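Under the numbering used here, the letters of the sequence shown match residues 42 to 200, in that order. Glycine included, every Cβ here is placed at the ideal spot set by N, Cα and C. Because the structure is a prediction, the values reported are computed rather than measured.
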Amino acid sequence: MMISLSLPQLAPSSSITTARLPSNLPSQLHLSTTKPFVSSHNRRLQLRCLSALTPELKTTLDKVVTSEKVVLFMKGTKDFPQCGFSNNVVQILKSLNAPFETINILENELLRQGLKEYSSWPTFPQLYIDGEFFGGCDIVIEAYQNGELQELLERALLS
Numbered sequence: 042m043m044i045s046l047s048l049p050q051l052a053p054s055s056s057i058t059t060a061r062l063p064s065n066l067p068s069q070l071h072l073s074t075t076k077p078f079v080s081s082h083n084r085r086l087q088l089r090c091l092s093a094l095t096p097e098l099k100t101t102l103d104k105v106v107t108s109e110k111v112v113l114f115m116k117g118t119k120d121f122p123q124c125g126f127s128n129n130v131v132q133i134l135k136s137l138n139a140p141f142e143t144i145n146i147l148e149n150e151l152l153r154q155g156l157k158e159y160s161s162w163p164t165f166p167q168l169y170i171d172g173e174f175f176g177g178c179d180i181v182i183e184a185y186q187n188g189e190l191q192e193l194l195e196r197a198l199l200s
């Protein structure tokens, strides 16, 4: 089964910062009167003031993480991971013969930024088991090594 997300797509040259910022924001933002931020940092700072996790995106993510027992938000796909950390988690899940779905976060900047807020976790991959955030690569590796991941997956898949 393939999970499909209907999220607004940005033009390839766009970013969430330019797509979401109101036009009436000042072009220069200062943290202090003596040290202004340069333009690229302005956008990042302004982005932090805005929430990428809209109510619509939250509802969509709630549905996605509960649509399957195991969902992995990652860079790339399970057949073609585009990040070593994502690849590590994919290989672990495959070694446990766990059925899982993947969402490629590289395809949508809004999804990537909103998911960081949704999970309160700043990095990827992000593994969800039985609708709950489990963790990123380091946590998955540790849980795999101590047997906790296999037990949790077995319980989730039986429920």
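{"Item": "Indicate whether Ala-93 and Gly-155 have their beta-carbon atoms separated by less than 9 Å.", "Value": "yes"}
{"Item": "Do Pro-140 and Lys-110 have their CB atoms nearer than 9 Å?", "Value": "yes"}
{"Item": "What is the DSSP secondary structure of Asn-145, counted as helix, strand or coil?", "Value": "strand"}
{"Item": "Would you report the Cα separation of Tyr-185 and Leu-151, rounded to the nearest angstrom?", "Value": "31 Å"}
{"Item": "Could you tell me the alpha carbon to alpha carbon distance between Glu-195 and Pro-96, rounded to whole angstroms?", "Value": "32 Å"}
{"Item": "Using the three-state DSSP reduction, which class does Arg-154 fall into: helix, strand or coil?", "Value": "This sequence places Gln at residue 154; Arg is not what is there. The answer is helix: DSSP assigns Gln-154 an H, G or I state."}
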